[in-house]
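Working notes for the structure below.
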Amino acid sequence: MVSSKSRVTASSSDSGDSSIRPFGEIVEEKLEALSARGTRVTGNTLMHEVDDAVLAFVLERVKILYEDVEYIDEMDQLMRDQLQLHATMIKAQAEKVLAVQKNADEARASMKKMQEKMERALAVQQNLSKRAAAVLQAVKENQPHLSRAEREFKGELELMAIEVRRMKPRVAELTVQGQRAVRSLESATLSASSASRYWSSLNASVGSSVLSNEKKKMCYDVLRAETQLIDDTKVLLEDLSANLQQMKD
Numbered sequence: 001m002v003s004s005k006s007r008v009t010a011s012s013s014d015s016g017d018s019s020i021r022p023f024g025e026i027v028e029e030k031l032e033a034l035s036a037r038g039t040r041v042t043g044n045t046l047m048h049e050v051d052d053a054v055l056a057f058v059l060e061r062v063k064i065l066y067e068d069v070e071y072i073d074e075m076d077q078l079m080r081d082q083l084q085l086h087a088t089m090i091k092a093q094a095e096k097v098l099a100v101q102k103n104a105d106e107a108r109a110s111m112k113k114m115q116e117k118m119e120r121a122l123a124v125q126q127n128l129s130k131r132a133a134a135v136l137q138a139v140k141e142n143q144p145h146l147s148r149a150e151r152e153f154k155g156e157l158e159l160m161a162i163e164v165r166r167m168k169p170r171v172a173e174l175t176v177q178g179q180r181a182v183r184s185l186e187s188a189t190l191s192a193s194s195a196s197r198y199w200s201s202l203n204a205s206v207g208s209s210v211l212s213n214e215k216k217k218m219c220y221d222v223l224r225a226e227t228q229l230i231d232d233t234k235v236l237l238e239d240l241s242a243n244l245q246q247m248k249d
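What the sequence shown shows, in the UniProt record's numbering, is residues 1 to 249, in sequence order.
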């Protein structure tokens, strides 16, 4: 008969491979071994009929039964260990499932917040698009008025430029006349200071020559004012030209 230790070892190796044999299969295997030997235990053997062979058979059967009980205990322990391992794995998987579910909830909340932000951004974009369309429509409607205003403004600039060009010869002429008047006044002053008493009766006119400095100042003021007027007009023309260019752009 094959020893039960070898079967225990084989079963232990099988259990190490995470395979547990059913108890019914083990019982059938034992019964097949007994049937193959052609022996069976019954209650028909009387005590006075027991001989050495029967006793040896009974002792061997008891030994085998002890080995089988040990084997069943080991299998039971293996099954308990396997169940404990399964329980630990189930607990670990449950914890992982809870963690994944928590992460999924957080991701879902983040997605919801992101969706709300996108909806607000989309609403703002639509509002800006409506405003831009309204502005474009207003510009389109006011384009004829703007064009007419640009033409009028340009015409005024051209007229002002023509007036400035016309003023330049007049200003130059007035400058020359003023310089002549200054020179004549200076000559009159020198003549009056060297004249004889014959001209003393003309003290009033000589007295007026005393005002030659005031007249010179007046001439210089006129020239300065006209020159400043020309410079201011040039600056104004440049500003108006720049504004017109910006309006065209």
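Note that CB positions come from ideal geometry on N, CA and C, so glycine has one too.
No experiment lies behind these values; they were computed from the predicted model shown.
DSSP places Asp-81 in the helix class (H, G or I) of the three-state scheme. Within the model, the alpha-carbon separation for Leu-136 versus Leu-122 is close to 21 Å. Distance from the CA of Ala-94 to the CA of Ile-72, rounded to the nearest whole angstrom, comes to 32 Å.
With 16 or more other Cβ atoms inside 10 Å of its own Cβ, Met-75 counts as buried. The C-alpha of Glu-106 is placed about 10 Å away from the C-alpha of Lys-112. Under the three-state reduction of DSSP output, Pro-169 falls in the helix class. Between the alpha carbons of Leu-229 and Val-164 lies a distance of about 10 Å.
A direct Cα-to-Cα measurement between Glu-238 and Arg-170 gives close to 22 Å.
Each residue's CA atom was taken as its position, placing Ile-90 and Leu-98 some 12 Å apart.
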